[in-house]
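First the structure, in the form of structure tokens, and then the observations on it.
Residue numbers (this note's numbering): 1265 to 1507.
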């Protein structure tokens, strides 16, 4: 019990720094548009896949939906079939009378073997091929994917281009600053490309103690964010394993 509470608190702390929670996707076969759904996300975003819930009554049992959501290659998405080597089960919506959801975290690494990991600039495809009935859970093609468009494309922004980062992170309420943050390009090898004379003049003045302070602040902020993201990932993984 204590371990569970600690893990949940760590997960909350990590989410505050790293994770943006997107609007949930309700996997209801009656609400998918023609052509399916599409979503663009960023690394460390999180989206909940929510299974529709019904009351355990005569009417509710008639409306109940039973689906398995699969992650498939593009061929499986285009042809509405799951009998392909790359297919993986994402989540089972097979308990329609209770709350059932799956938190999909777009992470580029995970300490949990077999967990879902993602790459910038790629598209990921999800389908369900059941016919909503419990005896349709083992279908391998067609079904709702073909007739009700239960398909989802998720595109992970935005390629592997160099990331422009500010020298110092300011709060959103900051109106003015003597630092021009969007002219510095930080490359994967650690080198920097300065595109403005103002930055060149600051960069050349290596003896200015203000530059050391700015560099130290930026480094500390970067380390804090990296540490928080690691805590977030670790706690998220532990929750999946034990809680």
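All C-beta atoms, glycine included, are put in the ideal place defined by N, C-alpha and C.
- Between residue 1331 and residue 1408, the gap from beta carbon to beta carbon is short of 9 Å.
- DSSP, reduced to helix, strand and coil, places residue 1285 within a strand of the structure shown.
- For residue 1298, the closest alpha carbon among the candidates 1414, 1421, 1367 is that of 1414.
- Of all C-beta pairs linking the region 1310-1327 to the region 1361-1368, three or more are shorter than 8 Å, placing the two stretches in contact.
- When C-alpha distances from residue 1342 are compared across 1405, 1419, 1422, the shortest belongs to 1405.
- Beta-bridge partners assigned by DSSP to residue 1345: 1405.
- A distance of 9 Å or more separates the beta carbons of residue 1344 and residue 1291.
- For the region 1287-1338, the continuous beta strand (DSSP E) assignments of 3+ residues that do not extend past its boundaries occur at 1301-1305, 1309-1314, 1331-1336, in sequence order.
- Secondary structure of residue 1390 (DSSP, three-state): strand.
- According to the DSSP assignment, residue 1353 belongs to the beta strand (DSSP E) that extends over 1352-1357.
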